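A.B. asks:
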Amino acid sequence: MRILLAVTLLAAGPGYGMDIIGHRGASRDRPENTVTSVREAFAQGADGAEVDVHLTRDGEVVVIHDPDTLRTCGKKLVIKESDLPALRALDAGAWKDNKFAGEKIPLLSEILDAVPAGKTLIVEIKCGAEILPALEKILAARSAGKKLVIFGFDLLVVREAKRRFPALPVLWLHKGEKKAPGQPAAYPEGMLRAAREAGLDGVGLHFEGVSADLVAEARKLGLRVFVWTVDDPAEAERLRKLGVDALITNRPGEIRTRLSFD
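Numbering-wise (our numbering), the sequence shown opens with residue 61 and increments by one.
#1: Since Lys207 is in the alpha helix (DSSP H), which residue starts that stretch and which ends it?
#2: Note the first and the last residue of the continuous beta strand (DSSP E) segment covering Leu15.
#3: Can you say whether Leu216 is buried or exposed, counting buried as having 16 or more other CB atoms within 10 angstroms of its CB?
#4: Between which two residues does the alpha helix (DSSP H) harbouring Glu110 extend?
#5: For the stretch 127–145 against the stretch 200–211, are there 3 or more C-beta pairs whose distance is under 8 Å?
#6: When the Cα atoms are used, what is the spatial distance from Asn158 to Pro176?
#7: Could you pull the start and end residues of the alpha helix (DSSP H) that Glu196 belongs to?
#8: Shortest alpha-carbon distance to Lys156 belongs to which of Val275, Leu283, Thr317, Thr94?
#9: List the whole-angstrom C-beta distance separating Ile40 from His125, where the pair is believed to meet the contact cut-off of C-beta under 8 Å.
#10: Please classify Gly119 as buried or exposed, where buried requires at least 16 other C-beta atoms within 10 Å of its C-beta.
#11: Confirm, please, whether the CB-CB distance from Phe286 to Gly264 is below 8 Å.
#12: Only counting the same chain, and skipping five residues up and downstream in sequence, which positions put a Cβ closer than 6 Å to that of Thr132?
#13: Buried or exposed: Gly162, going by 16 or more other Cβ atoms within 10 Å of its Cβ?
#14: Restricting to Cα atoms, I'd like to know which of Arg253, Arg88, Val183 is closest to Leu167.
#15: Would you list the one or two residues that DSSP bridges to Ile80?
#16: Leaving out five residues before and five after Glu100 in sequence, what residues of the same chain have Cβ atoms less than 7 Å from its Cβ?
#17: Compute the Euclidean distance between the alpha carbons of Leu283 and Pro229, then round it to the nearest angstrom.
#18: Rounded to whole angstroms, what is the Cα-Cα separation between Ala72 and Ala201?
#19: To the nearest angstrom, how far is it from the Cα of Lys197 to the Cα of Leu150?
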């Protein structure tokens, strides 16, 4: 099975703008990685939403950041050791505010159904390549009319994802390397070329280490640059002027309103 999609993302750069992506939805205002959070991101004017996925013991793709449920559900279940019914019995909203009590850990299919036509969903793989067959089936069945991007920190996993999803943009996430306390992370020499040699479409980088030289080098290699997680409008404006393709933020509505788009 192969997903055949025509995927077009805004080509960023001076005069072109920059996609605004809700980090785990609109996670400042809603419980992260829930259907309500994703819907709120689009209600705030986001171009896309980013969510995290894990594979359950019974083979379901669920949307949650951590490998267990303690932080966001108040009770610890390890995702890969748990079946979907046990996970769905938990409350994934009350930790944020009692008014969100009753929110469930969503299936990826439910998140896809909440993405408007023509908008982007970034799917960040938080586990290993074992999730890819299930992910392939879901995306083939539920992604029509939507723009999809695959993220991951594990280079081997995203390389395999690109092999399975050749029509989709697949990006390698990298945190950079801290040189000294309080200093921004630096990206290792050869990182961009490694992404290119792996057949990937770009990189997703922590914003602090992103410079004009880095963006220029990425462009020479034909790579897209996404940055995370940016909640300061001044920093967002700096990155827009550098020409990054997309900016991931917990507050998409505020960032979109305050940026001085051309």
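Backbone N, C-alpha and C fix where the C-beta goes; we use that ideal spot for every residue, glycine too. Since this is a predicted model, take the numbers as computed values, not measurements.
C.D. replies: Straight from the coordinates:
#1: Translated into the one-based positions of the sequence shown, residue 207 becomes position 147. Premise fails: Lys207 lies in the beta strand (DSSP E), 207–212, not in any alpha helix (DSSP H).
#2: The question about residue 15 has no answer here: the residues shown for the chain are numbered 61 through 322.
#3: On the sequence shown, position 156 is the one that residue 216 refers to. Looking at its Cβ environment, which holds fewer than 16 other Cβ atoms inside 10 Å, Leu216 is exposed.
#4: By 1-based counting over the sequence shown, the position of residue 110 is 50. Glu110 -> not in any alpha helix (DSSP H); beta strand (DSSP E) instead, spanning 108–115.
#5: no
#6: Translated into positions along the sequence shown, residue 158 becomes position 98. Translated into positions along the sequence shown, residue 176 becomes position 116. Those two C-alpha atoms are separated by around 27 Å.
#7: Position 136 of the sequence shown, counting from 1, holds the residue named residue 196. It spans 192–202 - the alpha helix (DSSP H) in which Glu196 sits, taken as one unbroken run.
#8: The count along the sequence shown starts at 1 and reaches residue 156 at position 96. Residue Thr94 is the option with its Cα nearest to Lys156.
#9: Here the chain covers residues 61 to 322 and nothing more, so residue 40 does not appear.
#10: In the sequence shown, the residue the question calls residue 119 occupies position 59. Classification for Gly119: exposed.
#11: Locating residue 264 in the sequence shown gives position 204, where the first residue counts as 1. Locating residue 286 in the sequence shown gives position 226, where the first residue counts as 1. In this structure, Phe286 lies closer than 8 Å to Gly264 by Cβ.
#12: Here residue 132 corresponds to residue number 72 of the sequence shown, with the count starting at 1. Contacts found: Ala152, Trp155.
#13: Within the sequence shown, numbered from 1, the residue matching residue 162 stands at position 102. Exposed.
#14: For the purposes of this step, residue 167 is identified with residue 107 of the sequence shown, where counting begins at 1. The shortest Cα separation from Leu167 among Arg253, Arg88, Val183 belongs to Val183.
#15: Working through the sequence shown from its first residue, we reach residue 80 at position 20. DSSP output for Ile80 lists Leu307 as bridge partner(s).
#16: As a first step, residue 100 must be located in the sequence shown, where it is residue number 40. Gly85, Ala86, Asp89, Arg90, listed in sequence order.
#17: Numbered from 1 along the sequence shown, position 223 holds the residue referred to as residue 283. Numbered from 1 along the sequence shown, position 169 holds the residue referred to as residue 229. Rounded to the nearest angstrom, the two C-alpha atoms are 10 Å apart.
#18: Along the sequence shown, one-based indexing puts residue 72 at 12. Along the sequence shown, one-based indexing puts residue 201 at 141. In this prediction, Ala72 has a pLDDT of 39, which is less than 50 and means its spatial position is unreliable; nothing more can be read from the coordinates.
#19: Position 137 of the sequence shown, counted from the start, is the residue given in the question as residue 197. Position 90 of the sequence shown, counted from the start, is the residue given in the question as residue 150. Distance between the alpha carbons of Lys197 and Leu150: 26 Å.
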